[in-house]
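Here the structure comes first, spelled out in structure tokens, and everything after it is commentary.
2 protein chains.
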Amino acid sequence: MNEVSAAHPRGVFAAAVTPLTSNLEPDSSAFVAHCRWLLEQGCDGVVPIGTTGEGNSLSVGQRLEIIEAATRSGIAMSRFIFGTGSCALADAVALTREAVAANSAGVLVLPPFYYKEPSEEGLARFYSELIDRVGDDRLRVYLYHFPRLSTVPITPALVKRLRTAYPGIIAGLKDSSGDWSFSAGLLKQFPGFGVFSGSEGFLLANLRAGGTGCISANVNVTAALAHRVYAAWREDRADRLQQELDQVRAVLDRYPLPAAIKHVMRVITGNAAWQYLLPPNQPLSEEEGRALMAGLAALPQMKPILART
Amino acid sequence: MNEVSAAHPRGVFAAAVTPLTSNLEPDSSAFVAHCRWLLEQGCDGVVPIGTTGEGNSLSVGQRLEIIEAATRSGIAMSRFIFGTGSCALADAVALTREAVAANSAGVLVLPPFYYKEPSEEGLARFYSELIDRVGDDRLRVYLYHFPRLSTVPITPALVKRLRTAYPGIIAGLKDSSGDWSFSAGLLKQFPGFGVFSGSEGFLLANLRAGGTGCISANVNVTAALAHRVYAAWREDRADRLQQELDQVRAVLDRYPLPAAIKHVMRVITGNAAWQYLLPPNQPLSEEEGRALMAGLAALPQMKPILART
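Top to bottom, those sequences are chains A and B.
In this text, residue positions in the first sequence follow this note's numbering: the first is 28, and each later residue adds one.
In this text, residue positions in the second sequence follow this note's numbering: the first is 28, and each later residue adds one.
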């Protein structure tokens with residue numbers, strides 16, 4: 028990545044799964060190895076400790092360990108956007124400060140998600156307090172719109188309000204609504220806003236509409252295929268490449284996340300650190316695991332990826 | 028409280044609001060003063076850092092400060108049940124360990140609430156890991172059923188499974204569903220189970236059905252009235268006393284929690300520590316505050332309570 032792309036992250040970002048020890052602590056060395064592999068496969072960047080990374084199931088201390096492991100890895104920090112949201116303002120501040128101090132490309136911040144139907148004023152106050160307390164011009168905030176899990180949508184009115192208050196700092200949004208019209212509406216209302224699709228299924232559509240790329244769970248597995256879409260997105264063949272990506276997505280999406288991704292990583296790498304999930308998430312059953320791998324193996328575009336096994 | 032009631036908490040428990048400094052840190056001395064006042068008013072116990080106490084909006088460190096402030100207060104620790112739930116297992120363990128080390132009467136534990144529709148197996152694993160990691164026979168867990176906010180119900184099947192696995196430790200449940208039939212069903216299925224109603228509106232019904240009492244936000248304000256219901260629950264006059272309690276509840280329930288409770292506490296005590304809420308919760312508007320206080324002042328049973336102003 029050159030300096031410009033470092034300042035404005037673009038392309039294919041994996042919402043990285045978090046390998047764990049048998050005692051359910053983060054496995055830092057397996058995590059760094061996974062980040063390296065994702066970048067080798069063609070990811071433009073990695074987003075640890077978000078939804079797929081079981082960020083909310085990890086303590087603040089454990090999440091800080093992941094940020095520190097990334098910092099010590101030697102990987103350019105411009106490749107990382109860290110999930111730093113929390114229901115607790117003080118925790119979001121601590122995580123975001125660490126991510127900024129590490130010179131990461133940005134932070135992905137869920138709204139506080141325990142209290143239901145918070146006011147726009149209350150949400151704006153959460154993000155304002157966070158930004159003011161971090162107090163660092165290097166901060167780049169990606170708002171995290173995932174209403175099915177957070178139950179708290181990021182409305183266009185909130186985006187407008189925060190962009191006006193913090194024009195350089197509110198850098199973009201990850202749209203995990205599954206509703207393409209939400210991204211399309213934002214890109215129309217706020218040209219140049221850094222909209223990442225939460226699904227690689229919208230990667231091409233998002234790029235064509237002026238969006239920035241995707242931050243996706245499935246690209247833990249399909250980084251190489253998503254990279255081909257991104258590399259060719261201005262060309263006619265991009266549609267066919269997107270279809271190849273979608274075929275894999277259709278298989279992965281039959282199984283719960285992050286269990287499905289961890290199962291594939293375990294098979295590909297043989298590393299036991301992929302078999303553990305923090306409760307309440309559970310690993311796939313043996314039968315699910317077999318069916319998933321058979322489904323993937325039936326797709327020719329998965330051959331080079333599965334060849335690592 | 029004698030040793031028996033300390034071992035099996037019963038009666039009227041306030042889900043205590045958390046006073047904050049202007050910098051949004053817990054105000055320990057105002058917190059302890061509030062606990063003392065609640066007990067003087069007739070509360071049998073206090074439940075800090077739950078939903079009303081903005082527990083999920085506080086960092087683990089801030090929640091530990093509250094537990095420590097209670098420990099140093101000189102109040103008998105058998106009067107406290109602490110909210111120690113978290114989406115992160117390691118955080119729930121750290122908080123629960125501290126609450127047990129402090130000899131509290133128990134802990135009130137939300138299920139992990141970020142991931143939606145977790146399996147019963149996954150929830151059982153969360154509570155099992157928590158109990159096993161704390162590893163202390165003194166632990167008494169109250170499951171926290173608040174599906175509107177947590178989105179994750181505690182099903183009777185889960186209660187059965189956990190009671191079977193940890194018969195002495197799974198002590199009861201706080202039912203904040205607002206659906207009386209849920210409590211009634213549990214008491215029928217599990218006689219002697221420590222069911223607290225999450226609303227003082229069900230206090231009398233719950234006691235008559237074999238339940239343990241209530242853990243309620245409104246009793247921050249109406250402890251004296253709820254105490255009268257509890258003291259008289261076997262007598263005919265209990266219905267009239269419950270009605271007097273319900274009249275106040277009807278006024279308080281028009282306004283958002285915990286803002287309404289904090290507003291009343293600010294008026295009653297004159298302490299500025301009650302004016303701050305952690306985002307996304309917001310204080311009442313001036314108009315709401317005036318209407319709330321007028322509504323309360325119109326009720327004769329509120330006179331002795333408001334006389335503190």
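All C-beta atoms in this analysis are idealised placements derived from N, C-alpha and C, irrespective of residue type, glycine included.
Residue i at chain B interface by Cβ criterion, 8 Å
{"i": "LEU91/A", "result": "no"}
{"i": "TYR282/A", "result": "no"}
{"i": "THR239/A", "result": "no"}
{"i": "ASP118/A", "result": "yes"}
{"i": "LEU51/A", "result": "yes"}
{"i": "ARG178/A", "result": "Position check: residue 178/A holds Thr in this sequence, whereas Arg was assumed. Yes, THR178/A lies at the interface with chain B (some Cβ there is under 8 Å from its Cβ)."}
{"i": "SER243/A", "result": "no"}
{"i": "ALA156/A", "result": "Note that residue 156/A corresponds to Glu in the displayed sequence, not to Ala. Yes, GLU156/A lies at the interface with chain B (some Cβ there is under 8 Å from its Cβ)."}
{"i": "SER146/A", "result": "yes"}
{"i": "ARG175/A", "result": "yes"}
{"i": "PHE209/A", "result": "no"}
Any chain A beta carbon closer than 8 Å to residue i
{"i": "LYS201/B", "result": "no"}
{"i": "THR79/B", "result": "no"}
{"i": "GLN309/B", "result": "yes"}
{"i": "TYR142/B", "result": "yes"}
{"i": "GLU315/B", "result": "no"}
{"i": "ALA115/B", "result": "yes"}
{"i": "GLY110/B", "result": "no"}
{"i": "LEU150/B", "result": "yes"}
{"i": "PRO327/B", "result": "no"}
{"i": "VAL87/B", "result": "yes"}
{"i": "ASN83/B", "result": "yes"}
{"i": "ARG264/B", "result": "no"}
{"i": "PRO6/B", "result": "It is not possible to answer for residue 6/B, since the shown part of chain B is limited to 28 through 336."}
{"i": "LEU170/B", "result": "no"}
Cross-strand partners of residue i (DSSP beta bridge)
{"i": "HIS172/B", "result": "ASP202/B"}
{"i": "ILE242/A", "result": "PHE40/A"}
{"i": "ILE76/A", "result": "In DSSP, ILE76/A forms no bridge with anything."}
{"i": "PRO53/B", "result": "LEU47/B"}
{"i": "ILE197/B", "result": "VAL168/B"}
{"i": "ILE108/B", "result": "GLY133/B"}
{"i": "GLY69/B", "result": "Its beta-bridge partners do not exist; DSSP assigns none."}
{"i": "GLY221/A", "result": "GLY199/A"}
CA-to-CA distance, residue j to residue i, given in whole angstroms
{"i": "ALA244/A", "j": "ILE94/A", "result": "19 Å"}
{"i": "ASP163/B", "j": "TYR193/B", "result": "12 Å"}
{"i": "GLY133/B", "j": "PHE223/B", "result": "13 Å"}
{"i": "LEU47/A", "j": "LEU170/A", "result": "27 Å"}
{"i": "ALA57/B", "j": "PRO183/B", "result": "38 Å"}
{"i": "VAL74/A", "j": "GLU92/B", "result": "32 Å"}
{"i": "SER105/A", "j": "PRO36/A", "result": "8 Å"}
{"i": "VAL278/B", "j": "LEU284/B", "result": "12 Å"}
{"i": "GLY240/B", "j": "LEU135/B", "result": "14 Å"}
{"i": "GLY225/B", "j": "ASP202/B", "result": "5 Å"}
{"i": "SER177/A", "j": "TRP64/A", "result": "30 Å"}
{"i": "GLY112/B", "j": "GLU156/B", "result": "13 Å"}
{"i": "ALA117/B", "j": "ARG317/B", "result": "43 Å"}
{"i": "GLU125/B", "j": "GLY219/A", "result": "48 Å"}
{"i": "ARG90/B", "j": "THR98/A", "result": "29 Å"}
{"i": "SER208/B", "j": "ILE181/B", "result": "14 Å"}
{"i": "ASN298/A", "j": "ALA334/A", "result": "16 Å"}
{"i": "LEU200/A", "j": "HIS172/A", "result": "7 Å"}
{"i": "GLY110/A", "j": "PHE140/A", "result": "14 Å"}
{"i": "GLY195/A", "j": "LEU234/A", "result": "22 Å"}
{"i": "GLU315/A", "j": "GLU67/A", "result": "28 Å"}
{"i": "SER100/B", "j": "ILE295/A", "result": "56 Å"}
{"i": "ILE108/A", "j": "ALA60/B", "result": "43 Å"}
{"i": "GLY221/B", "j": "ALA115/B", "result": "26 Å"}
{"i": "GLY205/A", "j": "GLY228/A", "result": "9 Å"}
Close Cβ partners of residue i (< 7 Å) along its chain, the five nearest in sequence each way excluded
{"i": "LEU311/B", "result": "TYR282, ALA286, ALA287, HIS290, LEU319"}
{"i": "LEU51/A", "result": "TYR303, LEU305"}
{"i": "LEU185/A", "result": "GLU147, LEU150, ALA151"}
{"i": "LEU14/A", "result": "The structure shown does not extend to residue 14/A, since chain A spans only 28 to 336, so no value can be given for it."}
{"i": "GLU271/A", "result": "LEU252, GLN328"}
{"i": "GLN309/B", "result": "ALA286"}
{"i": "ALA121/B", "result": "VAL87"}
Residues of its chain near residue i, where Cβ-Cβ distance is below 8 Å and the 5 sequence neighbours each way are ignored
{"i": "GLN274/B", "result": "LEU326, GLN328"}
Close Cβ partners of residue i (< 6 Å) along its chain, the five nearest in sequence each way excluded
{"i": "ALA211/B", "result": "ALA236"}
{"i": "ARG165/B", "result": "VAL127"}
{"i": "HIS254/B", "result": "VAL39, GLY69"}
Open item on the list: For the structure I just gave you, are there three or more beta carbon pairs, one from the stretch 69 to 85 of chain A and one from the stretch 142 to 154 of chain A, closer than 8 Å?
Closed with: Between the stretch 69 to 85 of chain A and the stretch 142 to 154 of chain A there are fewer than three C-beta pairs closer than 8 Å, too few to call the two in contact.
Open item on the list: Below 8 Å, how does it come out for the stretch 245 to 256 of chain B and the stretch 280 to 292 of chain B: are there three or more Cβ pairs, yes or no?
Closed with: The stretch 245 to 256 of chain B is in contact with the stretch 280 to 292 of chain B.
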